[in-house]
Amino acid sequence: MEQKDVLDQDAEMRRRRNEVTVELRKNKREETILKRRNVPVVDSTDEDDNLSSLNLFKLVENAADASNPEKQLAAVQSARRLLSSDRNPPIDDLIASGILPTLVQCLERHDQSMLQFEAAWALTNIASGTSHQTNEVVKAVWRLVEEGAIPPFCELLTCRDTQVINVVLDGIHNMLKMGGSHVGEIAAMIEECDGMSKIEELQNHENVDIYKLAYEIIRQFFSEEVEENETMIVFDQDVVLDGIHNMLKMGGSHVGEIAAMIEECDGMSKIEELQNHENVDIYKLAYEIIRQFFSEEVEENETMIVFDQDVPIEGFKF
């Protein structure tokens, strides 16, 4: 038991270090972007970013007020910070507030480049998320598509501002990656808007981040290597892992059979290897899958319950 406690403590410490590292990297990246755009860096704990104290109705109203550019920009920035400063961004709350059409309209404000940038960033954050938010994000992505986000996103790919292109490309990548069963439709819409040819051109961009991401989007979603099936997608490892996790988690009485099939396909050993992956989200999720469903503590029965080690193998005798 003492050895188990030590291992549990080590795992918990590693988990916390990983979370802190991810948060620091995310904040650093956002601060760098803001500095390059000459936008003041605002503390994420600012009262304006606290959802409990923020009047979402007023936020949407101000974001839609094109007659007052300063107020409009401040409102869109507040929405963006809500979506980027939280570990669990309030995606559903902001969608329910009715802000999506407003943000899409802001993308078309070519006279307000900063407003376009903030709106694109906010929408990109809606289309992103952690592996624990997959279902929520997939729904949000399709809402973005329904609100007409793809045409203005594709149009912004030809703007001169490198930071805007970066954010827009990231948004398109997120929409494709998290499009779920709609990814084929999303890819088709991007092609219809001449987006694919614009992304292909960006593979020759002087900015390293831009041409690398453009290359990845073409390779993953528009290249000849992509199998022509219903989803038209080569899934990233984090999405595949999340699917496996969901199947096991929601397998009910069949979870034992599902786990056995994964082992038969050499899936368990591959997941174990992913615990050493350089991507934090991937190795954390791989660790959780092994811990929850394939560790030595998992009792092989219909419900795959993890019993305490103090319980005798033969069970209690009454």
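With the first letter of the sequence shown counted as 1, position 237 gets the number 237 in the UniProt record's numbering; the numbers rise by one all the way through. Every residue, glycine too, gets a C-beta built ideally from N, C-alpha and C.
Residue i and residue j closer than 8 angstroms at C-beta
{"i": "Asn174", "j": "Ser128", "result": "yes"}
{"i": "Ile244", "j": "Gly251", "result": "no"}
{"i": "Asn207", "j": "Thr162", "result": "yes"}
{"i": "Lys58", "j": "Asp65", "result": "no"}
{"i": "Pro89", "j": "Glu147", "result": "no"}
{"i": "Met178", "j": "Val137", "result": "yes"}
Sequence-distant residues of its chain with Cβ nearer than 7 angstroms to residue i (five each side left out)
{"i": "Asn166", "result": "Asp209, Ile210"}
{"i": "Ala140", "result": "Ile91, Ile95, Ile126, Ala127"}
{"i": "Cys154", "result": "Ile190, Cys193, Asp194, Gly195, Lys198"}
{"i": "Gly171", "result": "Ala120, Leu123, Thr124, Ala127, Phe153"}
{"i": "Asn246", "result": "none"}
Whole-Å CB distance - residue i paired with residue j, under 8 angstroms assumed
{"i": "Ile271", "j": "Ala286", "result": "5 angstroms"}
{"i": "Pro151", "j": "Cys193", "result": "5 angstroms"}
{"i": "Ile126", "j": "Leu176", "result": "Between Leu176 and Ile126 the Cβ distance is about 14 angstroms, and since that is not below 8 angstroms, they are no contact."}
{"i": "Ser84", "j": "Val60", "result": "Not quite, the Cβ-Cβ distance comes to about 18 angstroms (not below 8 angstroms), so this is no contact."}
{"i": "Leu241", "j": "Ile289", "result": "7 angstroms"}
{"i": "His205", "j": "Val145", "result": "Not really, about 25 angstroms apart at Cβ, beyond 8 angstroms."}
Residue from the options whose Cα sits closest to the Cα of residue i
{"i": "residue 327", "options": "Ile199, Gln163, Met196, Arg143", "result": "This structure cannot settle anything about residue 327, because the visible part of the chain is limited to 1 through 318."}
{"i": "Ser113", "options": "Arg160, Ile99, His277, Ser84", "result": "Arg160"}
{"i": "Ala187", "options": "His205, Ser223, Glu201", "result": "Ser223"}
{"i": "Asn55", "options": "Gln275, Glu70, Ser67, Leu82", "result": "Leu82"}
{"i": "Asp111", "options": "Ala74, Phe57, Pro69", "result": "Pro69"}
{"i": "Ser295", "options": "Asn276, Asp281, Ser269, Asn279", "result": "Ser269"}
{"i": "Leu169", "options": "Glu200, Gln275, Val239", "result": "Glu200"}
{"i": "Gln220", "options": "Gly184, Asp93, Gly267", "result": "Gly184"}
{"i": "Ser67", "options": "Arg109, Ser253, Asn279", "result": "Arg109"}
Beta-carbon contacts of residue i that lie in its chain and below 6 angstroms, excluding the five residues immediately before and after
{"i": "Arg80", "result": "Glu118, Trp121, Ala122"}
{"i": "Leu103", "result": "Ala119, Ala122, Leu123"}
{"i": "Gln203", "result": "Tyr211, Ala214, Tyr215"}
{"i": "residue 319", "result": "An answer regarding residue 319 cannot be provided, because it is not within the stretch 1 to 318 covered by the chain."}
{"i": "Thr303", "result": "Note that Thr303 scores a pLDDT of 44, beneath 50, so its modelled location is shaky and nothing firm can be said."}
{"i": "Met189", "result": "Ile150"}
Neighbourhood of residue i by C-beta distance below 8 angstroms, restricted to the same chain and skipping five residues each side
{"i": "Val164", "result": "Ser113, Gln116, Phe117, Ala120, Leu156"}
{"i": "Ala74", "result": "Asn62"}
{"i": "Arg37", "result": "Unreliable positioning characterises Arg37 in this predicted model, as indicated by a pLDDT of 45, which lies under 50. A coordinate reading is not provided."}
{"i": "Glu264", "result": "none"}
{"i": "Asp266", "result": "none"}
CB contact check: residue i to chain D, cutoff 8 angstroms
{"i": "Ala140", "result": "The structure shown contains no chain D; it is built from a single protein chain."}
Heavy atom of the ligand SAM within 7 angstroms of residue i beta-carbon
{"i": "Arg160", "result": "The ligand SAM is not among the ligands present in this structure, which contains no ligands whatsoever."}
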